[in-house]
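>
Residue numbers (this note's numbering): 2 to 302.
1) Tell me where the alpha helix (DSSP H) around residue 276 begins and ends.
2) Please state the DSSP three-state secondary structure of residue 198.
3) If you follow the beta strand (DSSP E) that residue 134 is in, where does it begin and where does it stop?
4) Beta carbon of residue 190, beta carbon of residue 106: below 7 Å?
5) Suppose the cutoff is 8 Å on Cβ atoms and the five residues either side in sequence are ignored; what does the same chain contact list for residue 168 look like?
6) In the structure shown, what three-state DSSP assignment does residue 227 receive?
7) What does the alpha-carbon distance come out to for the pair residue 1 and residue 279?
8) Go to residue 70, then tell me how far its beta strand (DSSP E) extends in each direction, as first and last residue.
9) Taking the CB atoms as reference points, tell me whether residue 71 and residue 29 lie closer together than 7 Å.
10) Enumerated in chain order, which unbroken segments of the beta strand (DSSP E) with a length of 3 residues or greater are wholly contained in the region 67-121?
11) Under 8 Å, with one C-beta from each stretch per pair, do the region 116-124 and the region 157-172 reach the 3-pair mark?
12) Are the beta-carbon atoms belonging to residue 210 and residue 253 less than 7 Å from one another?
13) With distances taken from CA atoms, which of 243, 269, 242 and 206 is nearest residue 228?
14) Count the other C-beta atoms from every protein chain shown that fall within 10 angstroms of the C-beta of residue 218, then say buried if there are 16 or more, exposed otherwise.
15) Rounded to a whole number of angstroms, what is the C-alpha to C-alpha distance between residue 112 and residue 198?
16) Give the straight-line distance between the Cα atoms of residue 282 and residue 129, rounded to the nearest whole angstrom.
17) Comparing C-alpha positions only, which one of 47, 46, 170 and 65 sits nearest to residue 37?
18) Quick test of your reading: residue 207 and residue 182, contact by CB under 8 Å. State the CB separation rounded to the nearest angstrom.
19) When you compare only the Cα positions, how much space is there between residue 236 and residue 220?
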């Protein structure tokens with residue numbers, strides 16, 4: 002399961018800076034919350050000790066957490082998907098027709114926007130990769146959703162959807178992300194590496210191509226790519242303002258979906274998923290943490 006059982010001190014020193022990750026308003030809000038830390042008796046984390054055990058141990062040793070409880074109760078998302086419903090999303094029906102682990106799911110969350118130029122590069126990269134894909138491309142992905150032509154669909158390269166119709170679909174509305182990740186035909190996830198997406202992908206045993214945009218995403222990327230080794234990165238955080246060209250997108254998609262390196266990542270992701278799911282079962286580490294949390298909040302004071 003990668004190197005989740007040990008901590009590389011040099012790697013911690015080289016973590017991406019928070020510069021550019023958060024808006025000044027958000028930073029100010031977080032700082033304003035510090036005065037309430039005296040009321041904090043413990044913290045609940047949306048993670049698992051299977052994923053971040055050594056780092057949770059480090060946190061518990063910090064002075065700010067002295068004499069405070071910590072519970073890793075994640076993942077908060079479902080770890081299994083129930084049987085098919087009568088009204089399944091068309092992307093799932095399309096996945097039913099694909100071979101196992103052959104499709105890369107492309108989605109960048111709800112708070113990410115791209116320039117039209119970048120969207121064009123993504124499209125060409127996916128086409129040139131020759132890999133099967135589901136690409137969630139909503140109007141919110143436009144650089145300026147408040148422009149006068151906000152009702153107009155995002156324009157893709159001329160003829161793109163016709164050329165890729167036999168091996169890819171573009172979803173322009175909501176897509177059932179967790180169900181797509183859980184589908185046996187899904188073999189990779191090109192993602193912004195928001196924490197919920199990371200946890201969902203790990204839960205379902207799907208490796209990632211990480212493209213961090215802001216917030217916690219650059220450091221999540223380090224965990225995914227360098228520590229757990231269940232993914233690779235599109236570009237370094239230091240080059241975040243540079244256009245990612247189609248050839249780079251083509252390369253990382255091919256590595257994940259059509260190489261020995263990608264197959265090894267898939268194997269590690271599957272092992273990690275197995276560990277996370279076992280952890281919530283009887284006598285599992287997450288189940289034990291949950292029981293400890295319940296005991297704490299129901300204790301006599």
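For each residue, glycine too, the CB sits at the ideal point set by N, CA and C.
According to the structure data:
1) 261-280
2) helix
3) 133-137
4) yes
5) 131, 132, 133 and 134
6) helix
7) Since the displayed the chain opens at 2 and closes at 302, residue 1 lies outside it and no answer follows.
8) 70-73
9) no
10) 70-73 and 104-108
11) yes
12) yes
13) 269
14) buried
15) 13 Å
16) 43 Å
17) 65
18) 5 Å
19) 13 Å
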